[in-house]
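Sequential numbering of the sequence shown, starting at 22, is according to this note's numbering. Quick notes on the structure that follows.
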Amino acid sequence: FLHSLAFAATTCTIMSGGVAERMKLSSYLACAVFLISIVYPIIIGWGWDSAGFLCANGFVDFAGSCLVHLTGGVAALLGAIVLGPRKHRFMPDGKVTKFKENSVLLAVLGALILIFCWISFNASSTLASDGDSMRLSVHAVVNTMLAMTAATGATVLYDAFFNNGVNDIPDTVNGLLGGLVCITCPCAFVTNWAAVVIGLLSCFVTKLSGSAMVKFFKIDDPLDAWTVHGANGIAGTFLLGIFGEPSLMAQHYAAPLHKAGHWGIIYADSSAGLLGIQCLGIVVVVGFTAAAMFAWILLVSCIMSVAGGKSDGTEKTEYADGTGLMPTIRKAMRMPSDVELVGADYTHHGGSAFELTSQQIKMHNEMRSAQDRLDRKKKKADERRSSRGASFMVKGDSSVNPEEEKKEASKRKSSQQQIKGKHVTGEGPPMGATPPETPESRSRENSSDSFRSTVNSNTSIASSASTPTSNPDEDIFEVE
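If you want it as structure tokens, here you go:
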């Protein structure tokens, strides 16, 4: 019972990632109860019970890539679509804004805890401890670790070649988790080399799916729940139909019900029946979860609209203007704009989890100013190297001109004297400035966010000495 309860809870928490920072607590609880008590039991009955129509026809999902992760991923994707994106996520000019993580350290810690739990889940999914089951369990654990390692390494290399060498830690964590999700279905029924291949493929599934969600479909999934759990759940379920090894597939508890040749298509005498039923299982899980959850969301939004009464107009909700199906759902289930801006922790728990003190804000401002200076210095150095390289190609010898170097040094010294103690444009306010701790000027985010400068463009850096004003609606993101 505890094993099944933990799987059900996992499905529910996956859904929370897609609706984070936007859905009302009461709405989430209503959706979570329905997902755990109605949708999830029906799906696992079809896929894990030998009498279920999927399992009886040869569907295989060892530890839940499809039945657990895809179910939660679909619910998360549906929630992200019906609620709409977070404020400022997609700008009118088409730019996509990236919100900074509150704590990369906690994200990595969470991933390490998940690795430990994943090994336990995949190992215990044999639901027995006899000799054959234990050997299959050990094989599943080894494959889980191989796929996770391959996915993580591939993600790092992907960033090195396609992201200008910048290794984004949260993206690496997503790649690691994507590899774990992808191997969860086939971990007991594929060889070690196939597990490595599956881990490598999951890296590209995670990267391409995440990019498509933001750039093409404009869907705001705060924790990449669909990318990590949904897309990789589909990939892992499908890849078992390709890499399922015959002797390992024979150890499945429903193997007596399988027809001849019920293994991966890369092996001889495969009937391709496994690949076919895996694809059918994906379609069934996606279709049933989406239909059931959408019907429940409509019912809950109608009930909440009637129970909540008529709004006095003071609680505005983002993306809920106008009439129609989606605005109606958002008015009923999405947080008011002010609550969304300050955070549900402030309204529900009486305080912010990441409140900054005046000293922290001052240090943050100084850090931003230092970053601006370093960025400008790096840009100038790059420009000088480019100009010197071009001059060398023309002259055929060294392009260093002592007179030009002296002029450049004089300009830099003059610029530094002007900037010192004055306003530095860019992400941060004046170096050392400490804005008053008021509701209008207090930073409610972590040290990676900032007060944006609003200095008149006609005022030079040297003459600007006043403290810039900050807009709390614009100090929590950066443009990708």
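Cβ atoms here follow ideal geometry from the backbone N, Cα and C, with glycine treated the same way.
In the DSSP assignment, threonine 118 falls within the beta strand (DSSP E) that extends over 118 to 120.
Counting only runs that start and end inside the stretch 178 to 207, the alpha helix (DSSP H) elements of at least 4 residues fall at 190 to 205.
The three-state secondary structure of arginine 406, taken from DSSP, is helix. C-alpha of valine 60 to C-alpha of threonine 310: approximately 7 angstroms in a straight line.
As computed with DSSP, arginine 355 is found in a beta bridge with Met44.
Of the candidates Lys121, Gly186, Val89 and Ala171, the residue whose Cα lies closest to the Cα of phenylalanine 142 is Val89. DSSP, reduced to helix, strand and coil, places phenylalanine 111 within a strand of the structure shown. Straight-line measurement puts the Cα of leucine 301 at about 17 angstroms from the Cα of alanine 275. Around the beta carbon of glutamate 339, a 10 Å sphere encloses 16 or more other beta carbons of the protein chains shown; the residue is thus reported as buried. Distance from the Cα of glycine 68 is smallest, within the candidate group Ala353, Ser407, Val306 and Met325, for Val306.
Of the residues Ala316, Leu278 and Asp290, the one whose Cα lies closest to the Cα of aspartate 70 is Leu278. Using a 10 angstroms sphere on the CB of alanine 181, the tally of other CB atoms stays under 16, which defines it as exposed. Burial of glutamine 299 is indicated by the presence of at least 16 other C-beta atoms within 10 angstroms of its C-beta. Scanning Ala316, Ala365 and Met270 for the CA closest to the CA of cysteine 206 turns up Met270.
Contiguous alpha helix (DSSP H) elements confined to the stretch 252 to 312 occur at 253 to 264 and 267 to 270, taking only those with 4 or more residues.
Cβ atoms of isoleucine 57 and cysteine 87 stay farther apart than 8 angstroms, at about 17 angstroms.
In the structure shown, isoleucine 240 falls within a coil segment according to DSSP collapsed to helix, strand and coil. The C-beta distance from aspartate 242 to alanine 96 rounds to 12 angstroms, too long to fall under 8 angstroms, and the pair is not in contact. The shortest C-alpha to C-alpha distance from threonine 248 to any of Asn195, Trp284, Val54 and Phe22 is the one to Asn195. In the three-state scheme derived from DSSP, where H, G and I count as helix and E and B as strand, proline 62 is classed as helix. Contact check for methionine 347 against valine 103 passes: the beta carbons are separated by less than 9 angstroms. Taking the CA atoms as reference points, threonine 193 sits about 21 angstroms from valine 162.
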